[in-house]
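Protein chains in written order, with this note's numbering: chain A, 718 to 827; chain B, -19 to 100.
The C-beta atom is built at its ideal place from N, Cα and C for all residues, glycine as well.
Since this is a predicted model, take the numbers as computed values, not measurements.
Everything on this sheet refers to the single structure shown next.
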Amino acid sequence: QSVLTQPPSVFAAPGQRVTLSCSGSGSNIGGSSVSWYQQVPGTAPKLLIYQNNKRPSGIPDRFSGSKSGMSATLGITGLQTGDEADYYCGTWDGSLRAVVFGGGTKLTVL
Amino acid sequence: QVQLQESGPGLVKPSETLSLTCGVSAHSITSGYCWGWIRQSPGKGLEWIGSVCHSGLIYYNPPLQSRLFISVDTSKSQVSLNLNSVTAADTAVYYCARTSEGSGSYTDYWGQGTLVTVSS
């Protein structure tokens, strides 16, 4: 059981826009910034979004992040088949004094 | 570009100690970040293990804390993980990772990962 809650799967068509949700509590998302990671099966996760809405160098602006209260959202526009992957949210939990992740959302582009 | 490379045994017997090392290159390990480990059991999500930070603070995931030791050797630019009394539940891909410190924490560099299987 993950501390952060993400839907297990999301399906969308190429070219569409999709939003992936991540919900937590006051001790984690409510008090800390959120990061998002993309993991293609068999490879290491890659940082997509940090500090709620910032993109590392090299991440296209099709990817965006936002946070409101105890929830965060990853948005992806202009979906491509190459975006098929597992997406994880993560943050610091001040009560647990630990980094916590969501269970991940498997995005299928069909 | 920071590079992280894990190394260590791929098979560990139950009740023994899992030991991994991570070599850090193209970046000073003494700069202001945290260095640590994250694991992923087969078919499962990510689980943070712990980090050693430049500030001197050490953070361990509470469920693992009693079995865990993470250290940084600045002379060798290496991060080490020792997890004792392992069981099959510790079978996972172990990633070495660089993480920023504090409430704005994020992990920006990951090693390629190394699979460790706990089995007799």
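Going along chain A, which residues have a C-beta under 7 Å from residue i?
i           : result
Trp90(B)    : Ala761, Pro762
Gly(-10)(B) : Near Gly(-10)(B) there are no residues of chain A at all, since even the closest Cβ is about 16 Å away, more than 7 Å.
Tyr74(B)    : What Tyr74(B) touches in chain A: nothing, since even the nearest Cβ is about 11 Å away.
Could you name the residues of chain A that residue i contacts, counting a contact when the two beta carbons are closer than 9 Å?
i        : result
Ser83(B) : Gly748, Ser749, Ser750, Thr808, Trp809, Gly811
Thr79(B) : Val816
If the criterion is Cβ atoms closer than 7 Å, does the pair residue i and residue j meet it?
i           : j           : result
Ile50(B)    : Gly30(B)    : yes
Glu(-14)(B) : Gly91(B)    : yes
Leu(-2)(B)  : Val66(B)    : yes
Ser783(A)   : Thr790(A)   : yes
Ser57(B)    : Ile18(B)    : no
Thr103(B)   : Ser60(B)    : Summary: the structure shown does not reach residue 103(B), with chain B confined to residues -19 through 100, and so no result is reported for it.
Tyr74(B)    : Leu(-16)(B) : no
Trp28(B)    : Val52(B)    : no
Asn769(A)   : Asp810(A)   : no
Residue i touches chain B at which residues, Cβ-Cβ below 9 Å?
i         : result
Ala802(A) : The contacting residues do not exist; Ala802(A) stays about 13 Å from chain B at best.
Name the chain B residues that come within less than 8 Å of residue i, Cβ to Cβ?
i         : result
Gly821(A) : Gly25, Leu26
Val817(A) : Trp28
Could you check if residue i is buried or exposed, using at least 16 other CB atoms within 10 Å of its CB as the buried criterion?
i         : result
Gln723(A) : buried
Asp803(A) : buried
Gln797(A) : exposed
Leu827(A) : exposed
Thr825(A) : exposed
Gln20(B)  : buried
Asn41(B)  : buried
Pro762(A) : buried
Anything in chain B within Cβ reach of residue i, meaning under 7 Å, just list it in chain order.
i         : result
Arg814(A) : Tyr39
List the whole-angstrom C-beta distance separating residue i from residue j, where the pair is believed to meet the contact cut-off of C-beta under 8 Å.
i           : j         : result
Thr87(B)    : Ala77(B)  : 5 Å
Ser781(A)   : Ser740(A) : Contact flag wrong, Cβ pair sits at about 18 Å.
Tyr805(A)   : Gly25(B)  : 7 Å
Thr822(A)   : Leu721(A) : With 8 Å as the limit, Thr822(A) and Leu721(A) do not qualify as a contact, their Cβ atoms being about 11 Å apart.
Gly(-12)(B) : Thr94(B)  : 6 Å
Mind pulling the chain A residues with CB within less than 8 Å of residue i?
i         : result
Tyr102(B) : Given a span of -19 to 100 for chain B in the structure shown, any question on residue 102(B) remains unanswerable.
When Cβ atoms are compared, which residues of the stretch 766 to 784 of chain A fall closer than 7 Å to chain B? Tyr767, Gln768, Pro773
Between the stretch 28 to 56 of chain B and chain A, which residues of the former have CB atoms less than 7 Å from a CB of the latter, in chain order? Trp28, Tyr39, Asn41, Pro42
Using a beta-carbon distance cut-off of less than 8 Å, what residues from the stretch 718 to 731 of chain A approach chain B? The residues in question are Ser719.
In chain order, what residues of the stretch 2 to 23 of chain B put their CB closer than 7 Å to some CB of chain A? none
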